[in-house]
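Peer 1: Input: one structure, supplied below.
2 protein chains.
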Amino acid sequence: MNLSFDTTTLREGYLSGKFTVSDIIREVLARIEAGDSKIWICVDTADRLLAQAKEIEEKDPNSLPLYGIPFAVKDNIDVAKLPTTAACPDYRYFADEDATVVAQLRAAGAIPIGKTNLDQFATGLVGVRSPYGIPGNAFDPQYIPGGSSSGSAVSVALGQVSFSLGTDTAGSGRVPACFNNLVGLKPSRGLLSSTGLVPACKSLDCISIFALNAFDAQAALRVAASYDPSDAYSRPNPLSLESPRRAYRDGMTFGVPSPEQLQFFGDENYLNLYLQSIARLEALGFKKQVIDFSPFLAAARLLYEGPWVAERYWAIQDLIKDAPEALHPVTRAIIEKGIDGTAVDAFDATYKLQAFRQETLSLWESVDFLATPTAGTHYTIEQLEADPIQLNSNLGYYTNFMNLLDLSSVAVPTGFTPKKMPFGITLIAPAFHDEKLLSIAHKLQLASELRMGATEHQRFEPVLPAQWDSAPIAVCG
Amino acid sequence: MNLSFDTTTLREGYLSGKFTVSDIIREVLARIEAGDSKIWICVDTADRLLAQAKEIEEKDPNSLPLYGIPFAVKDNIDVAKLPTTAACPDYRYFADEDATVVAQLRAAGAIPIGKTNLDQFATGLVGVRSPYGIPGNAFDPQYIPGGSSSGSAVSVALGQVSFSLGTDTAGSGRVPACFNNLVGLKPSRGLLSSTGLVPACKSLDCISIFALNAFDAQAALRVAASYDPSDAYSRPNPLSLESPRRAYRDGMTFGVPSPEQLQFFGDENYLNLYLQSIARLEALGFKKQVIDFSPFLAAARLLYEGPWVAERYWAIQDLIKDAPEALHPVTRAIIEKGIDGTAVDAFDATYKLQAFRQETLSLWESVDFLATPTAGTHYTIEQLEADPIQLNSNLGYYTNFMNLLDLSSVAVPTGFTPKKMPFGITLIAPAFHDEKLLSIAHKLQLASELRMGATEHQRFEPVLPAQWDSAPIAVCG
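As you go down the protein sequences, you meet chains A and B in turn. Taking the working numbering, I'd label the letters of the first sequence as residues 579 to 1055. Taking the working numbering, I'd label the letters of the second sequence as residues 579 to 1055.
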């Protein structure tokens, strides 16, 4: 069976009776079985998955927006009855309940297949920092898969599932999308509930979505997004349905960093692909404007140099105090530093960040979105392991600032290097412009004519027009 | 001359030619000269003030919303050509420029008379922590004036100026209003620029307004409020003109803490006056609803127990490291603790605060405002000095949470104790509901029939209907 698992193809097959949900679950399990065992930390049992399939088969496909859609869950997000490890065996616990986002997807007919590998405690952009091994990049296992949501990206790219949940604190939902030819949506902070998520940086974490195309990302987003008062960082969408700022328009203006603010770490292929991508946006009718990218870069540096690593320490403080050797050595080296800073340092960095944030605000009066590379280059595992911290840091050049500055963003594939490795750009806008970015991502995907992930398929349905069921806002600011 | 300095009376006199701006400046200086010297740290020279008066006299009174209105400025806010001390002689510097808010008031025709005394570095709610002495409470100098904006409150209460600027991080703009029978507006965070303000807790500080009545507070607010991109914490008002949440309506619902959540520290007079005030709100047609005040109280405790004192340390770190003896001993004891906490502690407290904030959000779906006492009791200087830190802390019971939870609030006078000492309540709403609260404060003042401050005058003009020149918002959230 060489069936595409994009949601439109599956829905058509279900509606026409070409196959059942049980058929698809069996196919999912066969594909996983035949593939790289390092992608998954845990796959649910065939019995339980087929029982879920049977339950769904009793319902009307038209009543469930994600009827019979198989998805993967990064192993720092709870799925009921499965263990959560965050890629640290000593941290492992059994989840009694689904994370809120998983529960909503399940209620919409989607089926969580299992838990995917990641950089331990979601710390890293590389995908090699896990005691469960390195999931092979979907195009060439000599290259890093990207992280921290490595398994979630690779599983979708290989067509094992339709979409997956990752997380994205500093780039973990975008870098692996770039390296595996996927759409990677980092939703606005607070748009998806974090209940049931192992925190990395609690004030910044977002559950993210990997998909084969923008339409599928949107389908998952619409089900997954909801205001959750039990999550302290959850936020209702404050933009009204009619806000012109959230809607797609032909001919919107996009910003690009000035040439000297771009950084490709010597990678001419990525530079050329970026320039081609920008040219494609212009050919699509979007208007380019060179902007000053420096406050974004300064905010990105702040994440590495500043106190936010204290949040990572906070999240695993019991473990790191009692059993530091339980951690991956690189992860441990990074997170242990979190205890060093003072509260005075933390506020000092917060003030600097606030100034950068204020500085970026006026930009959005003249541009509708930014378009940057998702990553400046792509390393092989060998390269990475020679200098694991610095090269990881290089990969965050275009991603680290995103949540600090409260932005929404979508990584979208736009091309391949001469070695047939994928490249993509990231579309960026203020918080709650997620669907606007997905609509642009769709136009780009359509124009790029690439296959989806590492599959042989192409299917790019137009995203639906903006239409959020956002609750009215009680409080703003 | 027994003239009321409320802005309506002054404007009428200017328009009718009854007196000139120069006349009023001379009267201001005479009143200050005749009064308590501890109210002011510095008064501008008569020559310079009269020169400003002459300049204003050349203009059309109808062209300047605050034509010839004298005001006082707390000595942690810059006024060009005057020293700023923050009540610490060793911190003293000459300001080259007006703070943004002062510049805007000046451009509207108002005249900054000088700089008023305060609890050093705006740390305290008492008004006794200053090397420049204790400004006498406007009703009885045996009682504390309240702080930290002690001089700003007393100068208005005694009719030396029409209004004054204070600051309010944890209650400094409301407690002295309560103790001196004034309206004390703590504007929404970021609504007034902080450029030119000596920070206390930079992430929380607000410049505040003391006035004889709600109309005057509104007049000053409308001039003072503006989005200032050079202030990292400045925010444009996100509520549209039409938002029903910001407008006054008869019969709105107000919340009160449940009886066991009220705390009067044994002061039966304040308890009775609070109950009378609530009854008056009901008589005015507002609907009472008992609410759970616990997340507010928990947030208030967090301010004292949490890491925010690190912000105070940050603000004066050079001074406190190099010359700790330059500080008032109580202020030093408090601020020195700011260096103790770790960044992990700071994030931990931030998470707790975020949870309390989320918990309070749903409340605003059922109530339009809260009404609490402004303070639970009023101490004499003698009482206070016996236990300066704990009794200061008691005074923050109803005020400390306000900026942490991003609320707007107005302290409004509502009665007098049998000993003829003032009492007032605080009206509370989400950020950017400032004018709604002022409109309620006006109704209360009118119904209370109290004199204004410690003057013999009563004049309560209705506040103007909501009408903000708010800039359109580029980014929300």
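For each residue, glycine too, the CB sits at the ideal point set by N, CA and C. On a predicted model such as this, the values are computed, not experimentally measured, just so you know.
Just to make sure I have the definition right: I need the residues of chain B whose C-beta is within less than 7 Å of the C-beta of Thr928 of chain A. Which are they?
Peer 2: Here residue 928 of chain A refers to the residue found at position 350 of the first sequence. Within chain B, the residues near Thr928 of chain A are Ser781.
Peer 1: Since I believe Pro709 of chain A is in contact with Asn715 of chain A (beta carbons under 8 Å), could you give me their beta-carbon distance rounded to a whole number of angstroms?
Peer 2: As a first step, residue 715 of chain A is located in the first sequence; it is residue number 137 there, counting from the start. As a first step, residue 709 of chain A is located in the first sequence; it is residue number 131 there, counting from the start. No, Asn715 of chain A and Pro709 of chain A are not in contact; Cβ-Cβ is about 19 Å, not under 8 Å.
Peer 1: What's the C-alpha gap between Asp783 of chain B and Ala802 of chain A?
Peer 2: Counted from its first residue, the second sequence places residue 783 of chain B at position 205. Counted from its first residue, the first sequence places residue 802 of chain A at position 224. Spanning the two alpha carbons is a distance of roughly 37 Å.
Peer 1: Which residues mark the beginning and the end of the alpha helix (DSSP H) in which Pro873 of chain A is found?
Peer 2: Along the first sequence, read from residue 1 onward, the residue named residue 873 of chain A stands at position 295. Taken as a continuous stretch (DSSP letters only), the alpha helix (DSSP H) holding Pro873 of chain A covers 872-883.
Peer 1: Leaving out five residues on either side along the sequence, give the residues of the same chain with a beta carbon under 7 Å from the beta carbon of Gly591 of chain A.
Peer 2: Locating residue 591 of chain A in the first sequence gives position 13, where the first residue counts as 1. The answer, listed in chain order, is Phe597.
Peer 1: Can you tell me whether Asp1047 of chain A is buried or exposed? The criterion is at least 16 other CB atoms within 10 Å of its CB, across all chains shown.
Peer 2: Within the first sequence, numbered from 1, the residue matching residue 1047 of chain A stands at position 469. Residue confidence for Asp1047 of chain A is low, a pLDDT of 47 falling below 50, so the modelled location carries little weight; the figure read from the coordinates is stated next. So Asp1047 of chain A counts as exposed.
Peer 1: Using a Cβ-Cβ cutoff of less than 6 Å, which residues in the same chain neighbour Ala1049 of chain A once the five nearest sequence positions on both sides are dropped?
Peer 2: Translated into the one-based positions of the first sequence, residue 1049 of chain A becomes position 471. Residue confidence is low: Ala1049 of chain A scores 40 on pLDDT, short of 50, so the model does not pin down where it sits. Its coordinate-derived value is still stated next. These residues qualify, in order along the chain: Tyr805, Pro814.
Peer 1: Could you tell me which of A:Gly595, A:Tyr669, A:Val651, A:Ala673 sits nearest to Glu635 of chain A, measuring between CA atoms?
Peer 2: In the first sequence, the residue the question calls residue 635 of chain A occupies position 57. Closest option to Glu635 of chain A, Cα to Cα, is A:Gly595.
Peer 1: DSSP three-state call for Ala1052 of chain A: helix, strand or coil?
Peer 2: Working through the first sequence from its first residue, we reach residue 1052 of chain A at position 474. Residue confidence is low: Ala1052 of chain A scores 38 on pLDDT, short of 50, so the model does not pin down where it sits. Its coordinate-derived value is still stated next. Here Ala1052 of chain A sits in coil by DSSP.
Peer 1: Mapping DSSP to helix, strand and coil, what is Lys915 of chain A?
Peer 2: Working through the first sequence from its first residue, we reach residue 915 of chain A at position 337. The answer is helix: DSSP assigns Lys915 of chain A an H, G or I state.
Peer 1: When you compare only the Cα positions, how much space is there between Ser600 of chain B and Ile689 of chain B?
Peer 2: As a working mapping, residue 600 of chain B is identified with position 22 in the second sequence. As a working mapping, residue 689 of chain B is identified with position 111 in the second sequence. The alpha-carbon atoms of Ser600 of chain B and Ile689 of chain B are separated by roughly 11 Å.
Peer 1: Between the region 905-939 of chain A and chain B, which residues of the former have CB atoms less than 9 Å from a CB of the latter, in chain order?
Peer 2: Those residues of the region 905-939 of chain A that come within reach of chain B (Cβ to Cβ, closer than 9 Å) are Gly916, Ile917, Asp918, Gly919, Thr920, Ala921, Val922, Asp923, Ala924, Phe925, Asp926, Ala927, Thr928, Tyr929, Lys930, Leu931, Gln932, Ala933, Phe934, Arg935, Gln936, Glu937, Thr938, Leu939.
Peer 1: For Asp809 of chain A, would you say it is in contact with chain B, using Cβ-to-Cβ distances shorter than 9 Å as the test?
Peer 2: Taking the first residue of the first sequence as position 1, residue 809 of chain A is located at position 231. Yes, Asp809 of chain A lies at the interface with chain B (some Cβ there is under 9 Å from its Cβ).
Peer 1: Could you work out which residues of chain B lie near Pro885 of chain A, taking near to mean beta carbons separated by less than 7 Å?
Peer 2: As a first step, residue 885 of chain A must be located in the first sequence, where it is residue number 307. Within 7 Å Cβ-Cβ: Ala921.
Peer 1: Where does Ala778 of chain B sit, in a helix, a strand or coil, going by DSSP?
Peer 2: Residue numbering aside, residue 778 of chain B sits at position 200 when the second sequence is read from its first letter. In this structure, Ala778 of chain B counts as coil in the three-state DSSP scheme.
Peer 1: Between A:Leu644, A:Glu611, A:Cys620, which has its C-alpha nearest Leu593 of chain A's C-alpha?
Peer 2: Start at 1 with the first residue of the first sequence, and residue 593 of chain A comes out as number 15. That would be A:Leu644, whose Cα lies nearest to the Cα of Leu593 of chain A.
Peer 1: Excluding the 5 residues preceding and the 5 following Ala1009 of chain B in the sequence, name in chain order all residues of the same chain whose CB lies nearer than 7 Å to its CB.
Peer 2: Indexing the second sequence from 1 puts residue 1009 of chain B at position 431. The answer, listed in chain order, is Ser766, Arg767, Asp984, Leu985, Ser986.
Peer 1: At a CB distance below 9 Å, what residues from the region 885-901 of chain B approach chain A? Give them in sequence order.
Peer 2: Of all residues in the region 885-901 of chain B, Pro885, Trp886, Val887, Ala888, Glu889, Tyr891, Trp892, Gln895 have a Cβ within less than 9 Å of some Cβ in chain A.
Peer 1: Between Lys652 of chain A and Leu743 of chain A, how many whole angstroms is the CB-CB distance? I'm expecting something under 8 Å.
Peer 2: One-based indexing of the first sequence puts residue 652 of chain A at position 74. One-based indexing of the first sequence puts residue 743 of chain A at position 165. Sure, about 6 Å apart at Cβ, within 8 Å.
Peer 1: Output yes or no for whether 9 Å exceeds the beta carbon distance between Ile712 of chain B and Ile967 of chain B.
Peer 2: Within the second sequence, the letter at position 134 stands for residue 712 of chain B. Within the second sequence, the letter at position 389 stands for residue 967 of chain B. No, the Cβ-Cβ distance between Ile712 of chain B and Ile967 of chain B is not below 9 Å.
Peer 1: In terms of alpha-carbon separation, which member of B:Gly737, B:Gln895, B:Ala650 lies closest to Ala612 of chain B?
Peer 2: Residue 612 of chain B sits at position 34 when you count from the first residue of the second sequence. With distances taken between Cα atoms, Ala612 of chain B lies closest to B:Gly737.
Peer 1: Counting C-beta neighbours from all protein chains within 10 Å, is the total for Pro996 of chain A 16 or more, i.e. buried, or is it exposed?
Peer 2: As a working mapping, residue 996 of chain A is identified with position 418 in the first sequence. Its Cβ having fewer than 16 others within 10 Å, Pro996 of chain A is exposed.
Peer 1: Counting only beta-carbon separations shorter than 9 Å, does Gly591 of chain A have a partner in chain B?
Peer 2: The sequence position of residue 591 of chain A within the first sequence is 13, counting from 1. Answer no: the Cβ-Cβ gap between Gly591 of chain A and chain B never drops below 9 Å.
Peer 1: Quick one: is Lys648 of chain B near chain A, going by C-beta distance under 9 Å?
Peer 2: Working through the second sequence from its first residue, we reach residue 648 of chain B at position 70. For the sequence presented, residue 648 of chain B should be read as Pro rather than Lys. By this cut-off, Pro648 of chain B is not an interface position.
Peer 1: Among B:Phe1001, B:Leu859, B:Phe832, B:Glu1039, which one has its Cα closest to the Cα of Trp942 of chain B?
Peer 2: The residue given as residue 942 of chain B occupies position 364 in the second sequence. Cα-wise, what sits closest to Trp942 of chain B is B:Phe832.
Peer 1: Taking the continuous beta strand (DSSP E) assigned at Gly724 of chain B, which residues delimit it?
Peer 2: Stepping through the second sequence from its first residue, residue 724 of chain B is reached at position 146. Taken as a continuous stretch (DSSP letters only), Gly724 of chain B belongs to no beta strand (DSSP E), as it is neither H nor E.
Peer 1: Considering only the beta carbon of each residue, do Ala731 of chain A and Ala755 of chain A sit closer than 9 Å?
Peer 2: In the first sequence, residue 731 of chain A corresponds to position 153, counting from 1. In the first sequence, residue 755 of chain A corresponds to position 177, counting from 1. Yes, the Cβ-Cβ distance between Ala731 of chain A and Ala755 of chain A is below 9 Å.
Peer 1: Kindly indicate which residue of B:Gly751, B:Pro835, B:Asp625, B:Ala901 has the alpha-carbon position closest to the one of Tyr669 of chain B.
Peer 2: Here residue 669 of chain B refers to the residue found at position 91 when the second sequence is read from its first residue. Minimum Cα distance to Tyr669 of chain B is reached at B:Ala901.
Peer 1: I need the straight-line Cα distance from Phe842 of chain A to Gly751 of chain A, nearest angstrom please.
Peer 2: Position 264 of the first sequence, counted from the start, is the residue given in the question as residue 842 of chain A. Position 173 of the first sequence, counted from the start, is the residue given in the question as residue 751 of chain A. Rounded to whole angstroms, Phe842 of chain A to Gly751 of chain A spans 20 Å at the Cα level.
Peer 1: Rounded to the nearest angstrom, how far is the Cβ of Trp892 of chain B from that of Val887 of chain A, given a contact under 8 Å?
Peer 2: Walking along the second sequence from the start, residue 892 of chain B turns up at place 314. Walking along the first sequence from the start, residue 887 of chain A turns up at place 309. Incorrect: roughly 19 Å between the Cβ atoms, too far for contact.
Peer 1: Run the CB neighbour count on Pro1043 of chain B, radius 10 Å, all protein chains shown included, and call it buried at 16 or more, exposed below.
Peer 2: As a working mapping, residue 1043 of chain B is identified with position 465 in the second sequence. So Pro1043 of chain B ends up on the exposed side.
Peer 1: Would you check if the region 914-921 of chain B and the region 907-925 of chain A touch, i.e. whether three or more CB-CB distances between them fall below 8 Å?
Peer 2: Contact between the region 907-925 of chain A and the region 914-921 of chain B is present, because at least three Cβ pairs lie under 8 Å.
Peer 1: Alpha carbon to alpha carbon, what distance is there between Ile912 of chain B and Gly774 of chain B?
Peer 2: Translated into the one-based positions of the second sequence, residue 774 of chain B becomes position 196. Translated into the one-based positions of the second sequence, residue 912 of chain B becomes position 334. Each residue's alpha carbon lies about 24 Å from the other.
Peer 1: Report buried or exposed for Ser641 of chain B, applying the criterion of at least 16 other Cβ atoms within 10 angstroms of its Cβ.
Peer 2: Here residue 641 of chain B is taken as the residue at index 63 of the second sequence, counted from 1. Its Cβ having fewer than 16 others within 10 Å, Ser641 of chain B is exposed.
Peer 1: Step through the CB atoms of chain A and report whether any lies within less than 9 Å of the CB of Pro719 of chain B.
Peer 2: As a working note, residue 719 of chain B is residue 141 in the second sequence. No - not a single Cβ of chain A is within 9 Å of the one on Pro719 of chain B.
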